[in-house]
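Residue numbers (the numbering used here): 11 to 425.
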């Protein structure tokens, strides 16, 4: 009889350990990975997905199994202790069984299951699913009382479904990049996707002071000279001031009109002009990109809160927010920064504060400005002159190039 009790005790502990490990590995296994395997046809992954779809029932069965077998194991352990030690066994049995259950029923199976991870989860999912199906009538009966109490307290009987949040996705990207599953470039692009949704047009636009404008009435011959000096793909056209933009001229439209003999050198540029597309400077860049793509707009005129022209934005600029800087075969793009030595870097005044901090780790504060030039103006409180220095935290900054009142280049040295 003693041998039978030992065998029954071992079986009870094994079954208790099975339910414990099933709970641990189901919680620890990666949902995204499991869903992918299920779509690929893995039976174990499909069973695991079905268990997660009915988590309330699954955990009820786990709790039922754990409690049932720990009670059986404790009773058998106490019986064995009394048979071997007599009345002393009554005192020692709770202590011994507590240690046995914690070590062999809780800690060991959970550690092994989590270390085995996906392999154990896929292996155990189908047997656990069968147990859940078999014990469902019992679970439903036992759930009558807690469900009635939930209704009495005004609580929902439906469990909260777990979803993957934006923060969790960003954490997965960081982990994937740090562990080598993603290249640095891939991680950067994925991170830009989130910023793409959050950014506004005024953060990426070309300000009006940097735009090459065409005045209404400019001839095709004059346009040639402007294009030779500023080889852009498109130019906004204004009438009676920059705040009255009337349209946009593309180099392809001009070339097509010339090839079809529709214009000559003396023709006004508006004969090749398309209508202008206007957007507020506070519009989110994500929806704007899809809108411009849908309606085939390559350039938009950015309007400020007073109705004036703030600048322009193009699909290329918006796309660069996703994939990084793009080259242009018509005009070479100046680098936004150039390292002078290990501690010194020459920075373009138009470089955004976000990019300066991300790429150069300068630690510049954010404020009511978007660029390094804006930061300089905020710190100085006046229009600087070339060679004017100032310090911020452990940085020494010198304005090295001005273009009128515009700050072109700033030399930054780490002290």
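From the three backbone atoms N, C-alpha and C, an ideal C-beta is built for every residue, glycine too.
12 is the residue among 18, 12, 30, 119 whose C-alpha sits nearest the C-alpha of residue 91. Nearest Cα to residue 410 within the set 394, 193, 227, 402: 394. Check the Cα spacing between residue 425 and each of 355, 390, 156: the tightest is with 355.
In this structure, residue 333 and residue 199 form a Cβ contact; the two beta carbons are roughly 6 Å apart against a cut-off of 8 Å. When rounded, the separation of the alpha-carbon atoms in residue 20 and residue 29 is 14 Å. By the beta-carbon neighbour count (other beta carbons within 10 angstroms, threshold 16), residue 307 is buried. Between residue 25 and residue 75, the gap from beta carbon to beta carbon is short of 9 Å. For the set 151, 276, 16, 320, the Cα lying nearest the Cα of residue 70 is the one of 151. Around the Cβ of residue 56, a 10 Å sphere holds 16 or more other Cβ atoms; the residue is buried. Contact between the stretch 238-256 and the stretch 296-304 is absent: fewer than three C-beta pairs spanning the two stretches fall below 8 Å.
Burial is judged here by how many other beta carbons sit within 10 angstroms of a residue's own beta carbon; residue 218 has at least 16 and is buried. When DSSP states are grouped into helix, strand and coil, residue 347 belongs to the strand group.
Residue environment for residue 94: exposed (fewer than 16 other C-beta atoms within 10 angstroms of its C-beta).
Here the C-alpha atom of residue 389 lies approximately 49 Å from the C-alpha atom of residue 276. Cβ-Cβ distances below 7 Å link residue 290 to 313 in the same chain, with the five nearest sequence neighbours on each side left out; the list follows chain order.
Burial state of residue 119 is buried, judged by a 10 Å Cβ sphere holding 16 or more other Cβ atoms.
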